[in-house]
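Chemist: Quick one: this structure, given as structure tokens, is what I'll be asking you about.
Right, dumping it as structure tokens:
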């Protein structure tokens, strides 16, 4: 077998051929532009060097994508599909150069089908636009990543983005009915259809969710819609400490008997950091920890009963104050705190690593205890926030004054991951593996499964040209 | 490449080796037994000849499965995993002989985890037992295939079984959190975990759902549970004809604004057939068509409002009578009619083919019209029932007095499938492709996708020993 990672460079002739196929205005070799498409939102301190593409392409249609892939396949050139660049795992870095394929010009909402409750979109549509379009028709698109105001739906699918409503509706993958995909050799095919059930073939629709662009290129998606819940209420419960807040989370379902749309967590450090960043007080800003609980329903009275019951239940379990938000402005105030955490982190720290640990929901208290135990000995600090309702915590490790940052971090990570595995947890819940975490995959998946991932990748892409080097450790 | 379908026979030595590994009491070559494991519930008239295994094995553990697979892999012997034999696509037929692996001895419920809302089971557990165990803990297992009183959960997963509650909860695949799997070479691995989110690797959990035993052998499954809805009500609405019943279905969501747990349909012929079979009248037995609508909720009063609203809405859309069932006995009476249809069909017809057509939900009325148009010219009759809420209709084609049954049937199927594709429909919603429908796959999936399915199958199973010859047409 020839080296899977030996690629050809893009010659002037190849670039010219691509310009001819998709139009010169959809191709760029501008250095500044190449530079700005060379990273996502992982701080560069995580991987040191820059990975610059040779050519940027901005296809306007499935046909364009197919033409580009045919050329890349014939010439053996790597292609890295790219959404809005909001990724958190260096998944869109063109590690082997070649082509970066940006979807910003494929940004049309093609159809909203009220009879079948579906919306068909191109991959470059900003996720929040899908939600807004749906809600104008009294419908809900249930995918809700925190990056939704910026990220593209194509990237959400490639990463199987989670977000705030996974506990009730599932992650992005659960919203998918069908995908149009361009295969590595340029063939165009449809996985699934506008159908609520389908066993005609293998389920490639859901295999594509979270496949990080290594299998095929998404060119259209058909997403499920639901009737829009008529009312929603957000509670913010302030607890004296992280432990009591986290211990309360499973009670919402087991004692409260209902599935909220969201249960979000912030520890004291996250609350204080966001207050500092916003330069304003936030609700429960001085709490030891806070939970945001969102409830939805069609019956206002019933919803009121529910949030009162959950509020009382939280107080029985240690909450000392409960804020209720049922207007747009009070809700925004509550969510501003939660959604501001990532920005606050990158504003105040140039060097940090955001973990995306996920454990069985009932093990979140144990996870937080473990994190303390495994970071303190290395003199590291951590800020924890995230999706407590589904067990996915974004523990962000920082150490502004540390020398030997990478050594300390890697030593702590190895211990954290070893304990994580013992509690049934894993490496990433929603941010993905990409290039950032590939070296740790061997701790979480056995050799047989890692080999299987590689074989399936090469079954889709025998030339290994689609986003090569990602998801598992290829020794490169 | 050597012929993918050239296998070795099981010699006395190989059989002895297997007996040693898993115990002689777990191996059988009894002819009557081999005969009874040679078919599922597809009438034999559909494929003519019998496919008999050389050896039956009844593993009691993952270890046993692994040992058997290692031997089969080394000796190049086909292995057909088998659940309860309730399949409807000849998926468990040992088409190339070899080993049939029955899971009837791996039938333990391993754990019900109330804190994480999961249940962990072996593949041979009868699906209804899972539901009963969950409900004893006030929890719901939301998978609900019509065969649930007999079928095994392993078979449900392999077929991505649908059933009565897909409209609200999704099919079996949507209930999966994790699978323990034995790969073709005998390696044991876990896909997923007891986690609500997981992007650590490719999503092989959902790829396994509906993969018909061609990728790997399922040895354990972790399934999601939900809080059990405290109340449920079933409505049976009698309509003058199929068209008015079917036209009403999408209104439940779009005008009624709620997602029922089930919407089931029976045409006049299905109702009469089941009355004849039960030798008793059924509710709406003389209707032109009937819908069963199941609503669930925690608040009895609110549920009452809902079913009254849906009842009135149905009457505005042509229902002339609405039965409400809210006790166990009245509910059973309603569901007895629906669940009795498959048995009634096989009692009265020795020659029939049950289609599993699925279309976008709003296209069900067009589907029924089309079926009439494409069967009548061939002198064929059809009986239609199924899951109207998710667009999946079990149209069963019969013709008791016909000569040239196969010719007429195939001619009608070709025309039905061509029109089905035009309306965005596909070949199978929940029964699977198996051996029965493989020849029709080329109408529904393009060559690129069929090749991809084959390459992914061989990425999992390079020796092609796991349930060979199924899902797509391999030219064998």
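Residue numbers (the UniProt record's numbering), protein chains in the order written: chain Y, 1 to 476; chain Z, 1 to 476.
Where a beta carbon is used, it is the ideal one built from N, C-alpha and C, also for glycine.
Computed from a predicted structure; not experimentally measured.
(1) I believe residue 200 of chain Y touches residue 147 of chain Z by the beta-carbon criterion, under 8 Å. Please report the beta-carbon distance rounded to the nearest angstrom.
(2) Looking at the C-beta of residue 254 of chain Z, does it have a partner C-beta in chain Y at a distance below 8 Å?
(3) Please return the same chain residues whose Cβ sits closer than 7 Å to the Cβ of residue 343 of chain Z, not counting the five positions on each side in sequence.
(4) Using the rule of at least 16 other Cβ atoms within 10 Å of the residue's Cβ for burial, across every protein chain shown, is residue 29 of chain Z buried or exposed?
(5) With 16 as the cutoff for other CB atoms within 10 Å, does residue 379 of chain Y come out buried or exposed?
(6) Taking the alpha-carbon of residue 167 of chain Z as reference, which of Z/404, Z/421 and Z/392 has the nearest alpha-carbon?
(7) Using a Cβ cut-off of 8 Å, pull out every chain Y residue sitting near residue 159 of chain Z, in sequence order please.
(8) According to a CB-to-CB cut-off of less than 7 Å, which residues of the region 195–223 of chain Z neighbour chain Y?
(9) Can you tell me whether residue 485 of chain Y is buried or exposed? The criterion is at least 16 other CB atoms within 10 Å of its CB, across all chains shown.
(10) What's the gap between the Cα of residue 119 of chain Y and the Cα of residue 253 of chain Z?
(11) Closer than 7 Å by C-beta to residue 76 of chain Y: which residues in its own chain qualify, once you throw out the five before and the five after it? Chain order, please.
(12) Can you tell which of Z/64, Z/139 and Z/158 has the C-alpha that lies nearest to the C-alpha of residue 84 of chain Z?
(13) Starting from the beta carbon of residue 187 of chain Y, find every residue of chain Z whose beta carbon is closer than 7 Å, and list them in chain order.
(14) What distance in whole Å lies between the Cβ atoms of residue 61 of chain Z and residue 164 of chain Z, which are believed to be in contact at a cut-off of 8 Å?
(15) So, using beta-carbon positions, are residue 246 of chain Z and residue 388 of chain Z closer together than 8 Å?
(16) Name, going along the chain, the residues of the region 257–269 of chain Y whose beta-carbon falls closer than 9 Å to a beta-carbon of chain Z.
(17) From this set, Y/358, Y/267, Y/375 and Y/447, which residue's C-alpha is nearest residue 193 of chain Z's C-alpha?
(18) Among the residues of its own chain, which have a CB less than 7 Å from the CB of residue 303 of chain Y, if the five just before and after it don't count?
(19) Which residues mark the beginning and the end of the alpha helix (DSSP H) in which residue 31 of chain Z is found?
(20) Go to residue 232 of chain Y, then tell me how far its beta strand (DSSP E) extends in each direction, as first and last residue.
(21) For chain Z, check one thing: does any of its Cβ atoms lie closer than 8 Å to the Cβ of residue 115 of chain Y?
(22) Tell me where the beta strand (DSSP E) around residue 352 of chain Z begins and ends.
(23) Going by the CB atoms, is the gap between residue 320 of chain Z and residue 236 of chain Z shorter than 8 Å?
(24) List, in chain order, every chain Z residue whose beta-carbon is nearer than 9 Å to that of residue 433 of chain Y.
(25) Label residue 338 of chain Z either buried or exposed according to how many other C-beta atoms from any shown protein chain fall within 10 Å of its C-beta, with 16 as the threshold for buried.
(26) What does residue 162 of chain Z touch in chain Y if you count any residue whose Cβ is under 7 Å from its own?
(27) Buried or exposed for residue 218 of chain Y, please, with buried defined as at least 16 other CB atoms from any protein chain shown within 10 angstroms of its CB.
(28) Residues of the region 391–411 of chain Z in Cβ contact with chain Y at a cutoff of 8 Å, in chain order, please.
(29) Alpha carbon to alpha carbon, how far is residue 109 of chain Y from residue 377 of chain Z? Give it in angstroms, no decimals.
(30) Using only CA atoms, which one of Y/64, Y/268 and Y/292 lies nearest to residue 325 of chain Y?
(31) Have a look at residue 204 of chain Z and residue 176 of chain Z and give me their C-alpha separation to the nearest angstrom.
(32) In whole angstroms, give me the CA-to-CA distance for residue 459 of chain Z and residue 70 of chain Z.
(33) Evaluate residue 390 of chain Y with the Cβ neighbour count: other Cβ atoms within 10 Å of its Cβ, from every protein chain shown; 16 or more gives buried, anything less gives exposed.
(34) Taking 8 Å as the cut-off, does the region 84–103 of chain Y touch the region 46–59 of chain Y (at least 3 CB pairs, one atom from each stretch)?
(35) Sorted by chain position, which residues of the same chain lie with C-beta nearer than 8 Å to residue 1 of chain Z's C-beta, five sequence neighbours on each side aside?
(36) Within 10 Å of its beta-carbon, does residue 170 of chain Y have 16 or more other beta-carbons around it, so buried, or fewer, so exposed?
Modeler: According to the structure data:
(1) Incorrect: roughly 20 Å between the Cβ atoms, too far for contact.
(2) yes
(3) 277
(4) exposed
(5) exposed
(6) Z/392
(7) 199
(8) 195, 196, 197, 198, 199, 200, 201, 202, 203, 206, 207, 209, 210 and 211
(9) The displayed coordinates of chain Y run from 1 to 476. Any statement about residue 485 of chain Y would go beyond what the structure contains.
(10) 16 Å
(11) 7, 8, 463 and 465
(12) Z/158
(13) 448
(14) Rounded, the Cβ-Cβ distance is 33 Å, inconsistent with contact.
(15) yes
(16) 257, 258 and 259
(17) Y/358
(18) 231, 233, 295 and 297
(19) 31–36
(20) 231–239
(21) yes
(22) 352–354
(23) no
(24) 199, 200 and 201
(25) buried
(26) 197
(27) buried
(28) 391 and 392
(29) 42 Å
(30) Y/292
(31) 11 Å
(32) 17 Å
(33) buried
(34) yes
(35) Because the pLDDT of residue 1 of chain Z is 49, which lies under 50, any placement of that residue in the model is unreliable, and the question is left without a value.
(36) buried
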